[in-house]
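Residue numbers (the working numbering): 1 to 416. Note that beta-carbon positions come from the ideal geometry of N, C-alpha and C, so glycine has one too. Written below as C-alpha cells is the structure these notes are about.
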C-alpha cells in the first residue's frame with residue numbers, strides 16, 4: 001500500500017505544519033495514527049489559512065488517536081500474560097499403629113506465570129513451597145518462625161502449531177489422566193521433567209512422554225516413558241471416558257533416586273549389607289499396564305462422577321496388582337456449594353513405582369489398602385474448606401501390617 005501526502009508549497013510551512021509533520025514522523029510505529037493524521041493533513045494543506053480553533057481541534061484528535069493505539073498495544077500484551085496461584089493451610093492428625101500419634105500444621109503456596117509468545121507458543125514458570133520431595137509441596141510450620149524453602153515447580157515451553165496437538169518440554173504438570181483425580185499411580189503434586197506430546201480432538205485422546213528420574217546418570221537407565229490413550233462419549237447428558245496406559249520404569253538393579261538408600265516406598269529391594277544400606281537396589285522393573293473408566297452424570301440435579309482404575313506390573317513375580325474405585329458428588333466451587341467423595345484402594349507392593357504415588361494415602365508409597373472419604377464446602381469462588389479422613393492398612397505384605405488413620409483439615413484460597 002502506498003500513502004501520498006500532498007503538501008501545499010505555495011506558502012512557507014507554518015509552525016502548525018511543522019507540528020503535524022514531525023508529530024507524524026515521531027510516531028511511525030503507530031500505523032493507524034499515521035493514516036488518520038495523513039488524511040487530516042491532506043485536507044489541512046489544501047487551505048491557505050486555518051484558525052486557531054481548528055488547529056487545536058486537530059491536535060486533540062491526533063493525541064486521542066495516539067492514546068488509543070498505545071492503550072490497545074498495552075492491553076494486548078497484558079492479555080498474553082496469565083498469573084495464577086493458590087495457598088493452603090492444613091492441619092493433620094496421624095495415628096499409626098505402633099507409633100506415636102502425630103499432630104502438625106502445614107502450608108502450601110504456589111504461583112505460576114505463563115506467557116503466550118506467539119499464537120502457538122506458551123512459556124510457563126512456577127514456584128512452590130516444599131522441599132526436594134517430588135510428590136509434595138507442603139511445608140510443616142515450626143522452627144521458631146524460620147523461613148521456608150521455595151523451589152522451582154514449573155518451567156516449560158509448549159507448542160500448539162499442529163491441530164489438536166500440544167508438545168511440551170521442561171518441568172510441567174502431569175499430562176496423564178487420573179480418573180476421579182485418584183493417586184493410584186501418580187500424586188497430584190508430581191511434576192515430570194522431560195518431554196511430552198498430547199493429542200485430543202474432543203472424542204479420542206492420546207499422550208506420550210519421556211521423563212528423567214535421574215538426568216545426571218552416566219548409565220542413563222533412570223529414564224522412564226509412557227503412553228496413554230482412550231475415548232470420550234456423550235450419551236444423553238452422561239459422559240463416559242475409557243482409557244488404557246503403559247508405563248515403563250527401568251528400576252531393576254538401580255539405586256533409589258530420592259530419599260535414603262534403603263527407602264523404596266513400599267517396593268521390593270535388596271541391600272548387600274542391611275546394617276550399612278549403601279548398596280541397595282530395586283528388585284523389579286515397573287512395566288505398568290493400566291485400564292480405567294470414568295462416568296460423569298447428574299442425579300437429582302447434582303453432578304456425580306464414578307470412576308475405577310486398575311494397574312498391573314508385568315515384570316514383578318508377585319504382589320503386582322493395584323486398583324481403586326470411588327464416587328464424587330458435587331463441586332465446592334462457589335458460595336454455599338458442597339462436595340463429597342469416597343474411594344477404596346488396594347495397592348500391592350510392586351504394582352507401581354512407589355515413589356510417585358499419592359503421598360497422603362497410607363503415608364505414601366505402595367503396599368497399602370483402605371478407605372478415603374472427604375467433604376468440602378465453598379466459601380466463595382476462590383476459597384473452600386475441606387475435611388478428608390483416611391482409614392488405611394499399611395505394610396500389608398511385609399509381615400508387619402499396621403492400621404493407619406489420618407485426618408486432614410484444609411482451607412484453600414486461589415487466584416488467577
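Spatial distance of residue i from residue j (CA atoms)
{"i": "residue 446", "j": "residue 272", "result": "Nothing about residue 446 can be reported from this structure: the residues present for the chain run from 1 to 416 only."}
{"i": "residue 401", "j": "residue 199", "result": "43 Å"}
{"i": "residue 79", "j": "residue 119", "result": "12 Å"}
{"i": "residue 97", "j": "residue 121", "result": "51 Å"}
{"i": "residue 140", "j": "residue 408", "result": "13 Å"}
{"i": "residue 113", "j": "residue 415", "result": "12 Å"}
{"i": "residue 159", "j": "residue 398", "result": "46 Å"}
{"i": "residue 355", "j": "residue 165", "result": "30 Å"}
{"i": "residue 321", "j": "residue 346", "result": "8 Å"}
{"i": "residue 208", "j": "residue 247", "result": "10 Å"}
{"i": "residue 422", "j": "residue 405", "result": "Nothing about residue 422 can be reported from this structure: the residues present for the chain run from 1 to 416 only."}
{"i": "residue 63", "j": "residue 155", "result": "42 Å"}
{"i": "residue 102", "j": "residue 237", "result": "45 Å"}
{"i": "residue 220", "j": "residue 329", "result": "Confidence at residue 220 is low in this model, with a pLDDT of 49, below 50, so the placement of that residue should be treated as unreliable; the coordinate-derived value is given next. Going from the Cα of residue 220 to the Cα of residue 329 covers about 44 Å."}
{"i": "residue 294", "j": "residue 179", "result": "6 Å"}
{"i": "residue 253", "j": "residue 282", "result": "5 Å"}
{"i": "residue 325", "j": "residue 76", "result": "46 Å"}
{"i": "residue 418", "j": "residue 365", "result": "Examination of residue 418 is not possible in this model, given that the chain is present from 1 through 416 alone."}
{"i": "residue 111", "j": "residue 363", "result": "26 Å"}
{"i": "residue 203", "j": "residue 379", "result": "34 Å"}
{"i": "residue 94", "j": "residue 225", "result": "35 Å"}
{"i": "residue 268", "j": "residue 134", "result": "20 Å"}
{"i": "residue 173", "j": "residue 192", "result": "7 Å"}
{"i": "residue 25", "j": "residue 385", "result": "Low confidence applies to residue 25: its pLDDT is 43, below 50, so where it sits in the model is not reliable enough to give any reading."}
{"i": "residue 349", "j": "residue 157", "result": "36 Å"}
{"i": "residue 244", "j": "residue 229", "result": "6 Å"}
{"i": "residue 239", "j": "residue 61", "result": "56 Å"}
{"i": "residue 59", "j": "residue 51", "result": "13 Å"}
{"i": "residue 145", "j": "residue 125", "result": "28 Å"}
Beta-carbon separation (whole angstroms), residue i vs residue j, contact threshold 8 Å
{"i": "residue 311", "j": "residue 351", "result": "6 Å"}
{"i": "residue 292", "j": "residue 308", "result": "7 Å"}
{"i": "residue 176", "j": "residue 190", "result": "Contact flag wrong, Cβ pair sits at about 10 Å."}
{"i": "residue 390", "j": "residue 360", "result": "7 Å"}
{"i": "residue 358", "j": "residue 183", "result": "3 Å"}
{"i": "residue 327", "j": "residue 304", "result": "7 Å"}
{"i": "residue 333", "j": "residue 381", "result": "7 Å"}
Of the residues the options, the one placed nearest residue i, counting alpha carbons only
{"i": "residue 231", "options": "241, 280 and 163", "result": "241"}
{"i": "residue 261", "options": "250, 155 and 275", "result": "275"}
{"i": "residue 343", "options": "255, 306 and 165", "result": "306"}
{"i": "residue 234", "options": "59, 166, 297 and 376", "result": "297"}
{"i": "residue 214", "options": "208, 251 and 228", "result": "251"}
{"i": "residue 153", "options": "171, 286 and 396", "result": "171"}
{"i": "residue 337", "options": "375, 287 and 265", "result": "375"}
{"i": "residue 412", "options": "58, 106 and 61", "result": "106"}
{"i": "residue 162", "options": "335, 300 and 201", "result": "201"}
{"i": "residue 372", "options": "109, 86, 181 and 123", "result": "181"}
{"i": "residue 196", "options": "188, 353 and 211", "result": "211"}
{"i": "residue 205", "options": "188, 59 and 227", "result": "227"}
{"i": "residue 151", "options": "130, 341 and 168", "result": "130"}
{"i": "residue 223", "options": "287, 263 and 277", "result": "287"}
{"i": "residue 259", "options": "280, 239 and 168", "result": "280"}
{"i": "residue 169", "options": "270, 123, 256 and 132", "result": "123"}
Which residues DSSP lists as bridging residue i, in chain order
{"i": "residue 369", "result": "346 and 393"}
{"i": "residue 328", "result": "305 and 341"}
{"i": "residue 299", "result": "302"}
{"i": "residue 312", "result": "289 and 321"}
{"i": "residue 234", "result": "239"}
{"i": "residue 246", "result": "227 and 289"}
{"i": "residue 498", "result": "Residue 498 is absent from the structure shown; the chain starts at 1 and stops at 416."}
{"i": "residue 58", "result": "None, per the DSSP bridge assignment."}
{"i": "residue 204", "result": "231"}
{"i": "residue 168", "result": "158 and 196"}
{"i": "residue 129", "result": "150"}
{"i": "residue 333", "result": "Residue 333 pairs with nothing; no bridge assigned."}
Helix, strand or coil at residue i [DSSP, three-state]
{"i": "residue 356", "result": "helix"}
{"i": "residue 186", "result": "coil"}
{"i": "residue 407", "result": "strand"}
{"i": "residue 415", "result": "strand"}
{"i": "residue 252", "result": "strand"}
{"i": "residue 152", "result": "strand"}
{"i": "residue 137", "result": "coil"}
{"i": "residue 399", "result": "coil"}
{"i": "residue 158", "result": "strand"}
{"i": "residue 176", "result": "coil"}
{"i": "residue 209", "result": "strand"}
{"i": "residue 63", "result": "helix"}
{"i": "residue 266", "result": "coil"}
{"i": "residue 109", "result": "strand"}
{"i": "residue 87", "result": "strand"}
{"i": "residue 351", "result": "coil"}
{"i": "residue 428", "result": "The requested residue 428 does not occur in the structure, where the chain is confined to residues 1 to 416."}
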